[in-house]
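Protein chains in written order, with full-length UniProt numbering: chain E, 1 to 136; chain Z, 1 to 136. By construction, the Cβ of each residue, glycine as well, lies at the ideal position given by its N, Cα and C atoms. Below is one structure, written out as structure tokens, with a few remarks after it.
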């Protein structure tokens, strides 16, 4: 990995989709480091889609909201589509009260729906043969 | 959320699959908190599968290796299948040198293959209609 884990939040690569999440109590500095790391990873991994789960985020301020909007714009410029998933109702209420409508940010009800929108879906049966099982 | 974010690592729920990752420099206390939180989440979310991405883990010790084995056993008792994905070659070498073969732990080359094994797959085209787009 070329990018240090500055935010302490893992960014998982699922094919051409990056999956990550925000924790509660996100301070401004961590928010900036998160945006920087994610844009770096979009570029280095050649990601076409990004899923950001914010279901753990219980409060949001205008700084973090703006970070999400800027991150979406930057990602789009890099060719990746960002979906913000799992927003809690109090966060949505706060955003409206702040007058921040997250213009341009795609949202999904939860991470599952977000990942589906990014082109993954649940198969009826798990395929065989892709595992290396320590049993064998 | 009933479980506090004790480890600072988000656990994403993708339908009946939980997805999480370990960061490098995992100390013993965090490893235990991670295992506790994950088993709680398996139970509360009714998860059938768990994907643990360890691609960021550059070194492993016997404590963390045992945590992964115990976590796998506990998860199986709860009815969930655990896949550890993205192990780096030096970590595999260390495990063999330590005589820890992670018996019972299913592994996958990367998070993408792990998630595929847990029943998600990449669709050729992203479906429409699951998004709420702030543009509209």
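- Length of the line joining the Cα atoms of residue 44 of chain E and residue 89 of chain Z: Spanning the two alpha carbons is a distance of roughly 21 Å.
- Message: My output table needs one value for residue 102 of chain E: the three-state DSSP class, helix, strand or coil.
- Response: Coil at residue 102 of chain E, not helix or strand.
- Applying a beta-carbon distance threshold of less than 8 Å, which residues of chain Z neighbour residue 112 of chain E? Correct list: 13, 14, 15.
- Which residues of chain E have a Cβ atom closer than 8 Å to the Cβ of residue 123 of chain Z, listed in chain order? For the C-beta of residue 123 of chain Z, the chain E residues within less than 8 Å are, from N- to C-terminus, 119, 120, 121.
- Span of the beta strand (DSSP E), counted from its first residue to its last, around residue 17 of chain Z: 17 to 21 is the span of the beta strand (DSSP E), which, as asked, contains residue 17 of chain Z.
- Task: Show which residues of chain E have a CB atom less than 8 Å away from the CB atom of residue 10 of chain Z.
- Result: Going along chain E in sequence order, the residues near residue 10 of chain Z (Cβ under 8 Å) are 9, 10, 20, 21, 22, 23, 53, 56.
- Among E:57, E:64, E:15, which one has its Cα closest to the Cα of residue 87 of chain E? Ranking the options by Cα distance to residue 87 of chain E, first place goes to E:57.
- What is the DSSP secondary structure of residue 50 of chain Z, reduced to helix, strand or coil? DSSP places residue 50 of chain Z in strand when its eight states are reduced to three.
- For residue 14 of chain Z, does the three-state DSSP call read helix, strand or coil? Residue 14 of chain Z: strand per DSSP, three-state reduction.
- Query: Where do the ends of the alpha helix (DSSP H) carrying residue 76 of chain Z lie?
  - Reply: Here the alpha helix (DSSP H) through residue 76 of chain Z covers 62 to 77.
- Message: What does DSSP give as the partner residue(s) for residue 122 of chain Z in the beta ladder?
- Response: Residue pairing for residue 122 of chain Z: DSSP places it in a beta bridge opposite E:120.
- Neighbour-count burial assignment, residue 98 of chain E, 16 or more Cβ in a 10 Å radius: Burial call: exposed.
- Item | Within chain Z, partners of residue 115 of chain E - CB distance below 7 Å | Those are 14, listed as they occur along chain Z.
- Message: Can you find the residues in the same chain that come closer than 7 Å, C-beta to C-beta, to residue 16 of chain Z, ignoring five residues on each side of it along the sequence?
- Response: Same-chain partners within the cutoff: 46, 47, 48, 49.
- Sub-8 Å separation of residue 118 of chain Z and residue 38 of chain Z beta-carbons: Annotated as distal: residue 118 of chain Z and residue 38 of chain Z, with beta-carbon spacing of 8 Å or more.
- Item | Bounding residues of the alpha helix (DSSP H) (the contiguous stretch that carries residue 45 of chain Z) | Unbroken alpha helix (DSSP H) run through residue 45 of chain Z: 28 to 45.
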